[in-house]
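Colleague: Got a structure here, written out as structure tokens. Questions coming.
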Amino acid sequence: MEKYLSQLNEAQLEPTLQKDGPMIIIAGAGSGKTRVLTFRIAYLMSQGVDSFNILALTFTNKAAKEMKERIATIVGSSEAKNLWMGTFHSVFAKILRSEADKLGYPSNFTIYDTQDSDRLIASIIKEMNLDKDIYKYKQIRSRISSYKNSLITVRAYFQNPELIEADTMARRPRLGDIYKEYVNRCFKAGAMDFDDLLLKTNELLTRFPDVLMKYQNRFKYILVDEYQDTNHSQYLIVRALSDRFQNICVVGDDAQSIYAFRGANINNILNFQKDYDDVKVFRLEQNYRSTKNIVNAANSIIEKNQTKLDKVVWTANDEGSKIKVHRSLTDGDEGRYVASTIFEEKMNHQLKNSDFAILYRTNSQSRAIEEALRKRDIPYRIYGGTSFYQRKEIKDVLSYLRLIVNPADEEALVRIINFPARGIGQTTIDRLVVAANGYNRSIFEVLKNINKVDININSGTKNKLQDFVTLIESYQVLNQTANVFELAEYVTRTSGLINELKKDGTPEGVTRMENIEELLNGMKDFVEGQKEVADTTGSLAEFLEDVALATDLDADKGDTNHVALMTIHLAKGLEFPNVFIVGLEEDLFPSAMSMNTRSELEEERRLFYVALTRAEKQAYLTYALSRYRWGKLIDSEPSRFIEEIDEEYVEILTPPEELRFNPMLSADIFGDVEPNRIRFKPAKQVEFNKGKISKEEPTKFQGSSPKNLKPVGQTNGNVNLFDSKLVVGNLVKHIRFGTGEVLKIEGAGADIKAEINFQHGGVKKLLLRFAKLEVV
Ligand code: ATP
Ligand code: MG
């Protein structure tokens, strides 16, 4: 037996050595699913399977790259480089490129990113004179996206009265028309959006049996990681391609299905056994990633879900330390806690920055954390924010390049036709768009024939438009001989882009210049790299495709010693020694938008399971009692997920001094507060009983004996807070909002809330057990 196989346990070895036929590995987090997939590919190759015949689909391109590198160490890099590996989108974009003509697309079609799609949809809404507050372009885009991923084409849409009715009920009766126009405009521009890459692949495989056969024969062995998060469109592609040889191996964990909101269908994994004959099912139970504490805690969480496959996950790893739960006063304090803990841990245990990850539910949470890390000089990197390639200056350069490759690309053209400024105004651009639609031609074709078309543009402007055409055409000529780097270097220089930034002179302008420089360096790497890789041509079109499909996770080069910040969704499949899960508060995580149904809540719980199982050694859960959200300070309570963890695996850290009002801490957040003028009496802390968060015991009311006490009526819902009573009409003092009058009291027990009209800050609803009020 090959030596490398000794790095697998017996349960992992079985599916690795199972060469043919349909098979599924369902197993919990950290049990080696991805490892089995990797080793299985190496094994197939050692059994004489040609690397050209293997297709592996992964969740990120980075995962594919790492897998390929691992395989290369086993079978040699010359063999490994022929493997087809990558995300669904990147693999099928390549296939579509060579088959594009069958679908009426140019082979150099553009890939519209979300930003392009948004812009196009917004302009269609405007052209159609629709109310943009009802027709919100982002919502429309996500609606169109879900249609595409369910293979509902425009025609299918108009044949489905239920869909039309649903959109009409949602006050958007023109949605179908927008969808239709969007699809037409993309087609006319020779552009596919992300969803098209899957939709058009399906179209290709169903309409052209010979093409289907060709790829069935090519991909004799298909492997899919993270199968639980495939959507319907992806499912059908895998199904079609594997139909002939049925050598399909999928791995996944139903407990980690977290993309339902984007159309992922958990039934794909649950029904796999029904889809193929004689499916072999494998289970892996031993977790190699995490400590006993983390594994057991994660198990205790996922148990609460009703919809799940029963699985065993255990580990032979050390017990490890308990999961630390930390409460802060504000999101700013939370950030400071995280930063100082990382700082101390690094000092005390000689750890690297890259030993830490900070995971959150939504991107907007990163701000407070970033600030605290910066103050401590801890290098960090945010993954999945605005990607490098979506920065304005980069997108401008790329738009020139896109237009060179595909002059029909409408979004690219509109972006740069007057950037740098060439005296072509918005009215002119609008008229060009209308004319192009009228003639059903691209804008660029209209420009080329500007003296023949019927359009209301004066001759001075027409000259400018012709100059623009000449500029782009000269670049196209250069593109026939120069490589990507040379071309881009020439374009940035001669188009005036660089001059524009030089003129700017601000620090931001300098950063933009540096970004362009980095883009050019990346191109140089790309040009160099082509010599190493077999299945690429090194063309500009190919570079643009890589860029369009690059996620921020992929571009991890050079400086790897940083703390990683990302959403939990992005962290799927990854692992880190120390993991902070921040913002564990009701309405944030679980998200307020995902608590309407049991299945939504269960998806949130799976998300928490994913987060927790990223940790190898230590997990920290943090929450804040108040947090800025949508520009307002909102009171919050701890997430139910904290309580759901079996208490024996949790250690509650509640340093009382941190929770007391610290004028210095708060002064830098609430700049209007003058620390020495505030008299503050520490309020009673929320108690933790035997490591569990108590929701029963309300905060004891502190303060001088109430002066404005009104008699407790039968009907006004007043509250008895131990020895004092808070009633409507009381004047109270809050540590941050100052003095206010109680307007209303509602709720019971631990959930008593008061509505208070504060002098500074207006009316607020506060949960009394956290609010620390003082009657004045
Ligand atoms: P996830 O569900 O999070 O995607 P997974 O099931 O894909 O996890 P892997 O990432 O493949 O799990 O493995 C988790 C960790 O355990 C990795 O660091 C891997 O190298 C290690 N590992 C897996 N199997 C073994 C083994 N037999 N011996 C030693 N280490 C192993
Ligand atoms: Mg994995």
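For the sequence shown, full-length UniProt numbering assigns the number 1 to the initial residue and increments by one for each residue that follows. For glycine and all other residues, C-beta sits at the position ideal for the given N, C-alpha and C.
1. So does ASP225 have its beta carbon nearer than 7 angstroms to some heavy atom of the ligand MG?
2. Would you kindly work out how many angstroms separate the C-alpha atoms of MET593 and ALA368, rounded to a whole number?
3. Classify THR699 as buried or exposed, calling it buried when 16 or more other Cβ atoms lie within 10 Å of its own Cβ.
4. CA-CA distance, TYR628 and LEU588?
5. From the DSSP output, in three-state form, read off ILE480 for me.
6. Taking all protein chains shown into account, do 16 or more other C-beta atoms lie within 10 angstroms of the C-beta of MET347, making it buried, or fewer, making it exposed?
7. Kindly give me the distance between the Cβ atoms of LYS733 and LEU773, rounded to whole angstroms, as I take these residues to be in contact under 8 angstroms.
8. Report yes if the CB atom of ALA550 is closer than 8 angstroms to the CB atom of THR110, and no otherwise.
9. Can you look up GLY384 in the DSSP assignment and give me helix, strand or coil?
10. Output yes if chain C places a C-beta closer than 8 angstroms to the C-beta of PHE261; else output no.
11. Would you check if there are 3 or more beta carbon pairs closer than 8 angstroms linking the region 606-626 to the region 245-256?
12. According to DSSP, simplified to helix, strand and coil, what is ALA412?
13. If THR16 and ARG40 are in contact, beta carbons under 8 angstroms, what's the gap, nearest whole angstrom?
14. I'd like to check one pair, LEU612 with GLY325: are the Cβ atoms closer than 8 angstroms?
15. Taking the alpha-carbon positions, what's the PHE282 to ARG143 distance?
16. Taking only three categories from DSSP, how would you classify ASP635?
17. When you compare only the Cα positions, how much space is there between LYS200 and ILE301?
18. Closest to LYS764 by CA distance: which of ALA748, VAL776, VAL775 and THR739 is it?
19. Across the region 178-194 and the region 405-422, are there enough close Cβ pairs to call them in contact, namely three or more that are closer than 8 angstroms?
20. Whole beta strand (DSSP E) runs in the region 35-113 with 3 or more residues, listed along the chain?
21. What's the C-alpha gap between GLU528 and ILE443?
22. So, with DSSP's three-state summary, where would you put TYR135?
23. Let me check you understand the geometry: is the CB of LEU584 closer than 7 angstroms to at least one non-hydrogen atom of the ligand FMN?
24. Count the C-beta pairs between the region 213-228 and the region 115-124 that are closer than 8 angstroms, then say yes if the count reaches three, no if not.
25. If you follow the alpha helix (DSSP H) that PHE187 is part of, which residue opens it and which one closes it?
26. Between the Cα of VAL433 and the Cα atoms of VAL453, ASP310 and PRO420, which residue gives the shortest distance?
27. Check whether the Cβ of THR206 sits closer than 7 angstroms to any heavy atom of the ligand ATP, and report yes or no.
28. Quick one: what does DSSP say PRO209 is sitting in, helix, strand or coil?
29. The alpha helix (DSSP H) with THR16 in it runs from where to where?
30. Which residues bound the alpha helix (DSSP H) around PRO507?
31. Determine the contact status of VAL610 and ALA571, defining contact as a CB-CB distance below 8 angstroms.
32. Tell me the residue span of the beta strand (DSSP E) that contains PHE580.
33. Along the chain, where does the beta strand (DSSP E) containing LEU588 start, and where does it finish?
34. Does the region 53-72 come close enough to the region 80-100 that 3 or more CB-CB pairs lie under 8 angstroms?
35. Just checking LYS68 against the ligand MG - is the residue's beta carbon closer than 7 angstroms to any of the ligand's heavy atoms?
36. Can you give me the C-alpha to C-alpha distance between GLU616 and THR481, rounded to a whole angstrom?
Modeller: Considering the structure as presented:
1. yes
2. It is roughly 22 angstroms from the alpha-carbon of MET593 to the alpha-carbon of ALA368.
3. Only weak support exists for where THR699 lies, its pLDDT of 32 falling under 50; the value from the coordinates is given anyway. Classification of THR699: buried, given that the 10 Å Cβ count is 16 or more.
4. 12 angstroms
5. Going by the sequence as given, residue 480 is Gln instead of Ile. DSSP, reduced to helix, strand and coil, places GLN480 outside both helices and strands of the structure shown, so it counts as coil.
6. exposed
7. 7 angstroms
8. no
9. coil
10. Structure shown: chain C not included; a single protein chain is present.
11. The region 606-626 vs the region 245-256: in contact.
12. helix
13. 5 angstroms
14. Here residue 325 is Val; the residue named in the question, Gly, does not match the sequence. Annotated as distal: VAL325 and LEU612, with beta-carbon spacing of 8 angstroms or more.
15. 37 angstroms
16. strand
17. The alpha-carbon atoms of LYS200 and ILE301 are separated by roughly 40 angstroms.
18. Closest option to LYS764, judged by alpha-carbon separation, among ALA748, VAL776, VAL775 and THR739: THR739.
19. Yes, the region 178-194 touches the region 405-422.
20. As far as the region 35-113 is concerned, its whole beta strand (DSSP E) runs of at least 3 residues are 54-57, 84-86 and 110-112.
21. 35 angstroms
22. TYR135 sits in coil when the DSSP states are folded into three classes, being neither helix nor strand.
23. Within the structure as shown, the ligand FMN is missing, the only ligands being the ligand ATP and the ligand MG.
24. Judged by pairs of C-beta atoms under 8 angstroms, the region 213-228 does not touch the region 115-124, as fewer than three such pairs exist.
25. 175-188
26. VAL453
27. THR206: no, Cβ never under 7 angstroms from the ligand ATP.
28. In this structure, PRO209 counts as helix in the three-state DSSP scheme.
29. Segment 10-17, the alpha helix (DSSP H) holding THR16.
30. 507-529
31. VAL610 places its beta carbon less than 8 angstroms from that of ALA571.
32. That run of the beta strand (DSSP E) goes 576-581.
33. Where LEU588 is concerned, there is no enclosing beta strand (DSSP E), given that its DSSP letter is neither H nor E.
34. With a cut-off of 8 angstroms, the region 53-72 and the region 80-100 count as touching, because enough Cβ pairs lie within range.
35. no
36. 51 angstroms
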